[in-house]
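Here the structure is laid out as structure tokens; the discussion comes afterwards.
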Amino acid sequence: MSKSKVYHSVPLDEKHDDDVSISTSTTAISTRRLSDDSEHDGGFIPQARRGLSKHWMWLGHAVLLTTSLTLFTLSFCARNAKPNDAAYTKLYSSYSPAREAVKYETTRFTNLTPIVEGPFVGYGPEVDLAWDYIANDIGDTMISEAELDKLGLPRNSLKITHPKTGEVGYRAALEVFHQLHCLNLVRQAVYKDYYQYHGGDVGEAEGKEDLMGHVDHCIETLRTNLMCQSDIGVFTFKLFPEYGFDDDDYWPDFNTLHTCRNFEAVRSWAVEHTVAWDHNV
57 MSKSKVYHSV
67 PLDEKHDDDV
77 SISTSTTAIS
87 TRRLSDDSEH
97 DGGFIPQARR
107 GLSKHWMWLG
117 HAVLLTTSLT
127 LFTLSFCARN
137 AKPNDAAYTK
147 LYSSYSPARE
157 AVKYETTRFT
167 NLTPIVEGPF
177 VGYGPEVDLA
187 WDYIANDIGD
197 TMISEAELDK
207 LGLPRNSLKI
217 THPKTGEVGY
227 RAALEVFHQL
237 HCLNLVRQAV
247 YKDYYQYHGG
257 DVGEAEGKED
267 LMGHVDHCIE
277 TLRTNLMCQS
287 DIGVFTFKLF
297 PEYGFDDDDY
307 WPDFNTLHTC
317 RNFEAVRSWA
327 VEHTVAWDHN
337 V
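Using the working numbering, the letters of the sequence shown correspond one by one to residues 57 to 337.
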């Protein structure tokens, strides 16, 4: 008789234990795989984020540095840029229709020695011609109502008609020529013995009081303007042996540098815009 296989039933508890064991093993394997995947992903994502953060941080620094350098360069250029004549005049002078004529130049005064000579010194026909050129041979100009308002001048100022265009405006003149006229009057008053017989403002004065009133007006005009300008030029003292002074006799040296408006440019503008020579025009 052949041996027959005998099968024994497995107790329920034992079978359950095996199932639990298999299930636990499977779960452990799955958990390990998940853990490996998590470790792998968890290491990559923060590194990528850190890389992006570094990239944006350096980009931000570069933008800030570029902006700072640009602003510094613009500030430096603005501080050191020399304004043109028109901009400088507009910034530091009151409004004038003649400001378009202003040109600045650096000039050294050369004739202010202890004993001076020159075309404007003294009296006589030639000296008078020199003074006429800078003070008298320029007529008055005309400004519009808008320009009058810009200057803050009253509307009841003298009105005139332009002889060429027929336009109505206000008679006006540039201060510099009045100031030179005043200085010329003071010069003539110094040489009164000559000019009382040779015309000019001194010769045309109606008596001493009229003359002195005019001179006082001119002195006050020049004083006001000089104080307004308040020239801050600096002069020193030196010996002038060529004039026969003592070896220890120091005199002021007024031959100094100044920033001046070009007088010829202003005069040319005034001549070009002349419309009136007397109150009947």
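Ideal Cβ positions, reconstructed from N, Cα and C, are used throughout, including at glycine.
Bear in mind the structure is a predicted one, so any value in this text is a computation, not a measurement.
Only residues of its own chain outside the window of five on either side were considered, and among them ILE194, LEU230 have a CB closer than 6 Å to the CB of ALA326, listed in chain order. CA-to-CA, the gap between GLN285 and ILE275 works out to about 15 Å. Distance from the CA of LEU207 to the CA of GLN235, rounded to the nearest whole angstrom, comes to 19 Å.
Minimum Cα-Cα distance from TYR306 among the listed residues PRO170, LEU125, PHE128 corresponds to PRO170. Its Cα nearest to that of LEU239, the residue LEU278 stands out among LEU278, VAL224, LEU121.
Taking 8 Å as the cut-off, the Cβ atoms of HIS254 and ASN192 do not count as close.
In the same chain as PHE176, and ignoring 5 residues on each side of it, the C-beta atoms closer than 6 Å to its own belong to ALA186, in chain order.
Here GLY225 is bridged, per DSSP, to ILE216. In this structure, HIS218 sits near VAL331, with a CB-CB distance shorter than 8 Å. Between the region 252-270 and the region 285-304, the count of C-beta pairs closer than 8 Å stays below three; the two stretches do not touch.
Apart from the 5 residues on each side of it in sequence, LEU168 sits with its Cβ closer than 7 Å to the Cβ of PHE310, ASN311 in its chain, given in chain order. When beta bridges are read from the DSSP output, LEU125 appears opposite no residue. By the neighbour-count definition (other C-beta atoms within 10 Å, threshold 16), THR221 is an exposed residue. Counting only the Cα atoms, SER124 lies some 57 Å from LEU214. In the structure shown, THR169 falls within a coil segment according to DSSP collapsed to helix, strand and coil.
Scanning its chain for C-beta atoms nearer than 8 Å, with the 5 sequence neighbours on each side dropped, one finds around ARG164 the residues ASN311, THR312, LEU313, HIS314, in chain order. Here the alpha carbons of THR162 and ASN140 stand approximately 14 Å from one another. In the same chain as GLU156, and ignoring 5 residues on each side of it, the C-beta atoms closer than 8 Å to its own belong to ALA142, TRP325, in chain order. Spatial neighbours of GLY289 in its own chain (CB-CB distance under 8 Å, excluding positions within 5 residues in sequence) are listed in chain order as THR312, LEU313, HIS314. Using a 10 angstroms sphere on the CB of MET113, the tally of other CB atoms stays under 16, which defines it as exposed. Contact annotation: TYR251 and TYR189 have beta-carbon atoms that are not nearer than 8 Å.
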